[in-house]
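Numbering (the working numbering), first residue to last: 859 to 1218.
Data first, discussion second: the structure below is written as structure tokens.
Structure (structure tokens):
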């Protein structure tokens, strides 16, 4: 083979290796060092209810593919219960536990482990229908019209109108119209629903998103309602309290809409208690899980899919060129005699036993 062909072939192989390395590091997040870790969030939902002594059925809404998070693992813990998981129309899931006989206090657990995604994903989704304009009646009709007109004057499109509306409702709490409208909401969820009712008046599609705010060591947490509007291309998120755009910091999207988080048939007094913790997780295992979920072929071109015995052989083979380089350096540059072609293998074995830095 001509030397020119050798250079071309070597260049092609180097280019292929560089592209694959780039994809593994920056797409799958494969670390450059085996001991690299990141922080993983563990969320545990504890379900309690009083069973009546007959059959019981428990439904819990759980996330499907959480926005801005990669799901690593999840567990469903319940004694003597059968489990079924169904997908919901809004993209979430429903976990259903059933048992033939149950009496007294019942406790079930759902646990999910996640890591934050490096890049926030745009919130595309099925295009919603434009809402019908509601008939506002009574004193609230003029109040809603006044507030919407003020927001419209300081806006350009649906996103800026929504932000202007929320900021006006937050800044002018003592205004007569705003005070009247705020009386219609008894909690945060009712307030988001009422904002949606006002946005229907200007025919802006909206929905409620419910987030769990992740804080290390937090207990007894509840879901926080958030507002999303459709701008014609994607869903945009807003803080319903002050109008700030974007999703909540460290917010885990749990569900959309007003569907009850937990529903119990054959029992009473249902409750859900969230606990949150954080722990280190190896980047290699995260990259393997991400590759599996994305059906990527890249991890199949690595050593991780090989049996451990073959992985150990490859560890030795991959340091053989370094052993040969040391032999060439010692013989040609330093001038020391070597012991034949087996010397690189002995040096490679030394590298494997002592690690590369100490061996060199």
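Heads up, the beta-carbon is just placed ideally off N, CA and C, and yes, glycines get one too.
Next on the checklist: Whole angstroms are fine: how far does the CA of residue 967 sit from the CA of residue 911?
Outcome noted: 20 Å
Checklist entry - Helix or strand or just coil, what does DSSP make of residue 938? => result coil
Next on the checklist: With a threshold of 6 Å on Cβ separation, who are the neighbours of residue 1023 within its own chain once the five nearest residues in sequence on each side are excluded?
Outcome noted: 1009
Checklist entry - If you run the structure through DSSP and keep just helix, strand and coil, what is residue 1086? => result strand
Checklist entry - Once you ignore the five residues that flank residue 997 on each side, which residues in its own chain have a CB closer than 7 Å to its CB? => result Cβ within range, chain order: 1038.
Checklist entry - In this structure, does DSSP put residue 1121 in helix, strand or coil? => result strand
Item to check | Cut-off 6 Å between Cβ atoms - residues of its own chain near residue 1130, not counting five sequence neighbours on either side | outcome: A distance below 6 Å between beta-carbons, with the five flanking residues on each side excluded, links residue 1130 to the following residues of its chain, in chain order: 903, 905, 1119 and 1120.
Checklist entry - How would you label residue 1126, buried or exposed, when you count the other beta carbons within 10 angstroms and need 16 or more for buried? => result Looking at its Cβ environment, which holds fewer than 16 other Cβ atoms inside 10 Å, residue 1126 is exposed.
Next on the checklist: Quick check: the Cα distance between residue 920 and residue 1103, rounded to an integer number of angstroms?
Outcome noted: A straight-line Cα-Cα distance of about 25 Å links residue 920 and residue 1103.
Checklist entry - Would you call the region 920-933 and the region 860-871 touching, i.e. three or more CB-CB distances under 8 Å? => result no
Checklist entry - Nearest to residue 1001 by CA position, among 1090, 987, 1017 and 1026, is which residue? => result 1026
Checklist entry - When you compare only the Cα positions, how much space is there between residue 991 and residue 1021? => result 20 Å
Checklist entry - Hey, which unbroken runs of the beta strand (DSSP E) at 3 residues or more fall wholly within the region 886-934? => result Taking only runs of at least 3 residues, the beta strand (DSSP E) segments lying wholly in the region 886-934 are 895-910 and 914-920.
Item to check | Through-space distance from residue 1099 to residue 1091, alpha-carbon basis | outcome: Their Cα atoms are separated by approximately 24 Å.
Item to check | Cutoff 6 Å; reference residue 1107; Cβ partners in own chain excluding five residues on either side | outcome: none
Checklist entry - When you compare only the Cα positions, how much space is there between residue 1128 and residue 1166? => result 48 Å
Checklist entry - From what residue to what residue does the beta strand (DSSP E) around residue 974 run? => result 961-974
Next on the checklist: By DSSP's criteria, residue 1008 is part of a beta bridge. Which residues make up the other side?
Outcome noted: DSSP lists no partner for residue 1008.
Item to check | C-beta atoms of residue 1007 and residue 1089 nearer than 9 Å | outcome: no
Next on the checklist: Looking at residue 1136: is its Cβ nearer than 9 Å to the Cβ of residue 1072?
Outcome noted: yes
Item to check | Opposing strand residues paired with residue 1066 [DSSP bridges] | outcome: 1085
Item to check | Any non-hydrogen atom of the ligand FMN within 8 Å of residue 1003 CB | outcome: With respect to small molecules bound, the structure shown includes none, and the ligand FMN cannot be examined in it.
Next on the checklist: Between which residues of its own chain and residue 954 is the CB-CB distance below 6 Å, once the five residues before and five after are set aside?
Outcome noted: 917 and 942
Checklist entry - How would you call residue 1056, buried or exposed, if buried means at least 16 neighbouring beta carbons within 10 angstroms? => result buried
Checklist entry - Counting along the chain, where does the beta strand (DSSP E) carrying residue 1111 start and finish? => result 1109-1114
Next on the checklist: Going by beta-carbon coordinates alone, are residue 1081 and residue 901 separated by less than 9 Å?
Outcome noted: no
Checklist entry - In three-state DSSP terms, what is residue 1092? => result coil
Next on the checklist: Helix, strand or coil, according to DSSP, for residue 1135 in the structure here?
Outcome noted: Here residue 1135 sits in strand by DSSP.
Checklist entry - Residues in its own chain within less than 6 Å of residue 956 by CB, not counting five upstream and five downstream? => result Excluding five sequence positions before and after residue 956, the CB atoms of its chain that fall closer than 6 Å to its own CB belong to 915 and 940, given in chain order.
Item to check | Alpha carbon of residue 1093 to alpha carbon of residue 1011, nearest angstrom | outcome: 23 Å
Checklist entry - By Cβ distance, which residues of its chain are closer than 6 Å to residue 970, with the 5 residues on each side in sequence left out? => result 901 and 932
Item to check | Alpha-carbon to alpha-carbon, residue 1053 and residue 989 | outcome: 13 Å
Next on the checklist: In the DSSP output, what is residue 952 paired with across the bridge?
Outcome noted: According to DSSP, residue 952 bridges with 919 and 944.
Checklist entry - Terminal residues of the continuous beta strand (DSSP E) containing residue 1079? => result 1077-1079
Checklist entry - Quick one, are the C-beta atoms of residue 1132 and residue 1182 less than 9 Å apart? => result no
Item to check | For residue 1130, the residue or residues it bridges with in DSSP | outcome: 905
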